[in-house]
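Okay, structure first, notes after.
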Amino acid sequence: MRLPVRAVIYFYIFICVVLLLFNLLYIFRSGSVKRRQQRKIQRWEKYLDSFAEGTPMWRPDELLRRLKNVQELMAFYTAMEGREQEQPGEAASFFQKNHAAVLELAREYGEKDAMEQAFFAYVIAAFHPAMEDQRSPLLEQLLHYLEHSTVYSRENVLNALYALGNIQPVEHAFLLMSQRGWYHDPRLLSDGLNRFRGEKEALAGRLWSCRGQLIECFQVGTIRFAETFGGDRFAEAFLRALETENLPAETQFTLVRYFRRHAVPYAQPVLLRLLKGESGGKRELAIAAAAALASYPDEKTRQALKEALHSPNWYVRQNAARSLKALGVTWEACGIDPSVDRYATEMLEYILGGQPAAKGGETEREALAAV
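Residues in the sequence shown are numbered consecutively from 1265, following the working numbering.
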């Protein structure tokens, strides 16, 4: 049955009118929500003014009642953020003086959904002062949030634990997430660990000591975290683990990369063996070893990297050429004959640029034509 053209036009006009009304209602409601939220922010600004003067306008029970509502908590966050920029340290004072209310809030938000828990943890990470070795039910509550969490809420909980600066809860969180098999991006982990407010090297040592219970991403995050330290405290332990332990592939790669930034003499023989593929079951680590050896400038390294230019693996050849360039090795010093190894020649052209003019009257074009 075919509809008349007039009916189709009327139906189209009806749909357009409905969409227009929906958009108008949405705009009106959005504006109303924004105005209500702005009024809440202004009330919190007044409260923070009175708190700073020592005469808070709300009693603790009223403060708690308001902050149980996530919209009020968002308004509180906005007001406190502006206040902290103007008067640093006021947020720490607020949380210290209202510790009992904060603990009660942590319990209340523990009964809410993961998104609201994530925002409460975000507020803690932003404003709560470091607790370091102090034990507090707040830490236990935050760990409890991990039980039914999302990736987003887990990241916020971890950031809150880093901000509180206590080693044990961070270790507990890593172990719990590993037991559940929850992947977390190693870059997020290493960046977050660098914001830890306690003893960073002690935390790295604690996490590394329980590496056997951590899944690959947490091992990698811990190594990247340790890589940012100035000294070589972890070099010996990392090298021993690389040689003797059956670690996941990405963990091994990260350990090898560690020794580029932390170049210690006793790591060079291990890196040379890895480059030559002499370590059983670790041939793939030649790629990372070729890059790490750029930090070990001696003749043994240069010779090994020149030999690695003939590797059948493209990535080994690439990293070897890059390391030779970093060590100042020239085309001539590489001793590559274009007529013998085309792939090594192409890699040097890619990394070092075009071939230099050949000796004995041959031009560069003639040398290339012989390939």
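Beta carbons are placed, not taken as given, at the ideal position from N, Cα and C, and that holds for glycine.
Under the DSSP assignment, residue 1322 falls outside any alpha helix (DSSP H); it carries neither an H nor an E label. In this structure, residue 1527 keeps its C-beta atom at 8 Å or more from the C-beta atom of residue 1575. Residues of the same chain with their beta carbon placed closer than 7 Å to that of residue 1376 are lacking, with the five preceding and five following residues left out of the count.
Distance between residue 1569 and residue 1385, taken at the CA atoms: about 49 Å.
Here residue 1437 is not near residue 1453, since their CB atoms are 8 Å or more apart.
Judged by DSSP secondary structure, residue 1332 falls outside any alpha helix (DSSP H); it is assigned neither H nor E. Going by beta carbons, residue 1491 and residue 1459 fall outside the 8 Å limit.
If you check the CB distance, residue 1511 and residue 1534 do not come in under 8 Å. Exposed is the label assigned to residue 1508, since fewer than 16 other Cβ atoms lie within 10 Å of its Cβ. For residue 1383, the enclosing alpha helix (DSSP H) has its first and last residue at 1378-1391.
If you draw a straight line from the Cα of residue 1577 to the Cα of residue 1546, it is about 14 Å long. For residue 1564, the uninterrupted alpha helix (DSSP H) run begins and ends at 1563-1572, by DSSP.
Annotated three-state conformation of residue 1447 is coil, per DSSP. Residue 1406 is not a Cβ neighbour of residue 1434, given a cutoff of 8 Å. Excluding its 5 nearest sequence neighbours in each direction, residue 1531 has C-beta neighbours in its own chain below 6 Å: 1503 and 1523, listed in chain order.
Look at residue 1614 here: in three-state DSSP terms it is helix. In the structure shown, residue 1362 adopts coil according to DSSP, grouped into three states. The DSSP-derived three-state label of residue 1435 is helix. Contact between residue 1396 and residue 1429 holds: their C-beta atoms lie close to 5 Å from each other, under 8 Å.
In this structure, the beta-carbon distance from residue 1378 to residue 1342 does not fall below 8 Å.
Collapsing the DSSP output to three states places residue 1541 in coil.
Closest in alpha carbon position to residue 1350, among 1337, 1316 and 1322, is 1316.
As summarised for the stretch 1398-1430, the continuous alpha helix (DSSP H) elements at least 4 residues long and confined to that stretch are 1401-1408 and 1415-1428, given in chain order. Counting C-beta atoms within 10 angstroms of its own C-beta, residue 1442 has 16 or more neighbours from the protein chains shown and is therefore classed as buried. Distance check between residue 1388 and each of 1521, 1352, 1427 and 1411 places 1427 closest, using alpha-carbon atoms only. Annotated three-state conformation of residue 1277 is helix, per DSSP. Within its own chain, the residues whose Cβ lies closer than 6 Å to the Cβ of residue 1381, once the five positions on either side in sequence are excluded, are 1373, 1409 and 1417, listed in chain order.
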